[in-house]
Amino acid sequence: MRKYVLLAALLIVSGFMLLSAVDMHPFGSPEKEDMDKYFIDNAQEEVSANNVVTSIVFDYRGFDTLGEATVLFTAVVGVSLIFRRLIK
Amino acid sequence: MMSKIVRTITNILYSSILIFGFYIIMHGHLTPGGGFQGGAVVASGIALVLIAYGYDTVRNWFKKSNLSFLESIGALAFIGIAFLGIGTTFFYNFLANSGGLFGDPTVIGINPGNLDTSGVLPLMNWAVGLKVLAGLGSVVLLMAYGIRKGDEE
Chain A
1 MRKYVLLAAL LIVSGFMLLS AVDMHPFGSP EKEDMDKYFI DNAQEEVSAN NVVTSIVFDY
61 RGFDTLGEAT VLFTAVVGVS LIFRRLIK
Chain B
1001 MMSKIVRTIT NILYSSILIF GFYIIMHGHL TPGGGFQGGA VVASGIALVL IAYGYDTVRN
1061 WFKKSNLSFL ESIGALAFIG IAFLGIGTTF FYNFLANSGG LFGDPTVIGI NPGNLDTSGV
1121 LPLMNWAVGL KVLAGLGSVV LLMAYGIRKG DEE
């Protein structure tokens, strides 16, 4: 009985996966390209940086980077807390 | 402490790894990479020295309190630079195309790259790079201490 349930679950999951794979649009042509187009066309002029990725990470999406830095800080604090018992 | 072969190779490679990491941080606005990636490279150099020489020797070279200080400086510089542009918005790039520090306008299109462009991006790259190298370095140091303590017990 358990085997059939597992088989059905596998079939359903792989069916959904295959469905989404068939429905996938071709690589390099996104469905909505307004924002990418804007970044690619204007990033060099507005931020005057050659590296568009860095201009997005530190300028257009600066808040995201702030969160990333907070995550790193939290990780360091967590490691210090775990190893504090050893150091004492 | 590892064998003499490992220590010799480490002595040769260590400076190159540090220079490469700082190069990635410094050229973050021109070439692939940036603060996070360069800081991780520098931290991997610290990990290499730690493995080759052992915790007891390295502890005297990198003080953990200095690394925490460096990390706080990086975080505060990042948020401070973000706040400097608050006249327009938070995280506004007020230095770009201004003609001052890092303020040269870049050539539109394919160009070899000018280090003196893109406003606050290099400063933020340095801030985040310092933060990441200090954070990951202190994580590696703490874990090495934990391993050593576990070996003793």
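Protein chains in written order, with this note's numbering: chain A, 1 to 88; chain B, 1001 to 1153.
Just so it is clear, CB atoms sit at the ideal spot from N, CA and C, and this is done for glycine as well.
Check	Outcome
Sequence-distant residues of the same chain with beta carbon closer than 8 Å to Glu-31/A, five excluded per side	His-25
Reference Val-79/A, options His-1027/B, Ala-1082/B, Ser-1068/B and Leu-1076/B, closest by Cα	Ser-1068/B
Within-8 Å CB hit, Asn-1169/B to chain A	With chain B covering 1001 to 1153 only, the question about residue 1169/B has no answer from this structure.
Collapsed DSSP secondary structure at Thr-1010/B in the structure displayed	helix
Neighbour list for Ile-1108/B in chain A, Cβ cutoff strictly below 9 Å	Gln-44 and Glu-45
Cβ neighbours of Phe-1090/B in the same chain (closer than 8 Å, five flanking residues each side left out)	Ala-1082 and Phe-1083
8 Å contact criterion, which Thr-1106/B and Ala-49/A should meet: CB distance rounded	7 Å
Test: Thr-74/A CB closer than 8 Å to a CB of chain B	no
Start and end residues, alpha helix (DSSP H) containing Tyr-4/A	2-22
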